[in-house]
Amino acid sequence: MPVNSDLTRSNFPLMRQRWSELLFAHWPVASELLRPYLPERLELDLFEGQAWLGVVPFTMSGIRPLGLPAVPGLNHLHELNVRTYARLDGVPGVWFLSLDATNPVGVWAARTLFHLPYLHARISLQETNGTFRAVAERTHRGAAPATFAATWTPGELRPAAQPGSLAHFLTERYFLYTAGPDLLQDIRGTNLWRGQLYHEPWTLRDATLSEWDSTLVEAHGLPTPMGAPVLHAAEPLDVWIKELRRV
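Residue numbers for the sequence shown, in the working numbering: 69 to 315.
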């Protein structure tokens, strides 16, 4: 099993998943716009002084606790997350503004057991002749409405992302932070957790967008990202998930 972090190497993961059909779409964003969406203890993680905001559609399959078989009907979902990047005590990680997903039990478990801001949504993600299309509508009661439609085609393989590069900063993340499932309420509290992931480095490709129509970012009260996104399509990989630990 690959281990991509020096922290807590001796602790055994709890869950295994496979991530596929994944697209990283990122925009540079002014730090002052993102700062209100993080708790005070976390600092924004910047690349050469610049904050970044990402939208990531993908499929999660083969979901199962380590050592146990997958449960039919509970082992597969499509997800859309809105993210930025943060660090605590020098440890960089992902900070999620929202995670829309299709599996009701998975959403409940992620909100209850992992304190993550998952939201119920209808999502389809399909591949036709090498081109992917994702369509989504948020259905979570009480949450701001949001829709999403995107079509992209992966292109040429990219060289392995090297430390210090923008591609590495945006994609090679092996920790996540969360303050609770209700983002704007929970960031004002004292709870903060850090989770850890294990996987091989991403195999990335260029990508071309032929459609992008999304209100996921705007649903958070943020302005529509300006300009074309920085795109990275990713090959499938297996991911091991650890429990969150309070920090």
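Every residue gets a Cβ at the ideal spot worked out from N, C-alpha and C, and that includes glycine.
All values derive from a computational prediction rather than experimental measurement.
In its chain, beyond the 5 residues on either side, H188, A189, R190 have a beta carbon closer than 7 angstroms to the beta carbon of T207. Look at the beta carbons and you see the region 234-244 touching the region 256-269: at least three pairs across the two are nearer than 8 angstroms. Per DSSP, G223 lies in no alpha helix (DSSP H); the unbroken beta strand (DSSP E) holding it starts and ends at 215-225. If you draw a straight line from the Cα of R273 to the Cα of L234, it comes to about 14 angstroms. Excluding its 5 nearest sequence neighbours in each direction, E111 has C-beta neighbours in its own chain below 8 angstroms: A154, R155, L156, listed in chain order. Following the DSSP letters along the chain, one finds F237 inside the alpha helix (DSSP H) bounded by residues 234-239. W163 is bridged by DSSP to T152, Y245. Annotation for E279: the continuous beta strand (DSSP E) segment containing it runs 272-282. Rounded to the nearest angstrom, the gap between the Cα atoms of A204 and V285 is 14 angstroms. N197 has its alpha-carbon roughly 36 angstroms from the corresponding atom of Q118. The C-alpha of H144 is placed about 14 angstroms away from the C-alpha of D306. Under DSSP, the beta-bridge partners assigned to F126 are E147. L114 carries a coil assignment under DSSP once its states are collapsed to helix, strand and coil. Non-local C-beta neighbours of T199 in its own chain, meaning closer than 8 angstroms and more than five positions away in sequence, comprise T219, W220, T221, S278, ordered along the chain. For L148 against V123, the beta-carbon gap comes to about 7 angstroms, under 8 angstroms, which counts as contact. Per DSSP, P172 lies in no beta strand (DSSP E) segment; the continuous alpha helix (DSSP H) that holds it begins and ends at 172-181. H146 and P125 have their alpha carbons spaced roughly 8 angstroms apart.
Taking C-beta separations shorter than 6 angstroms and ignoring five residues to either side along the sequence, the partners of A178 in its chain run L184, Y186, following chain order.
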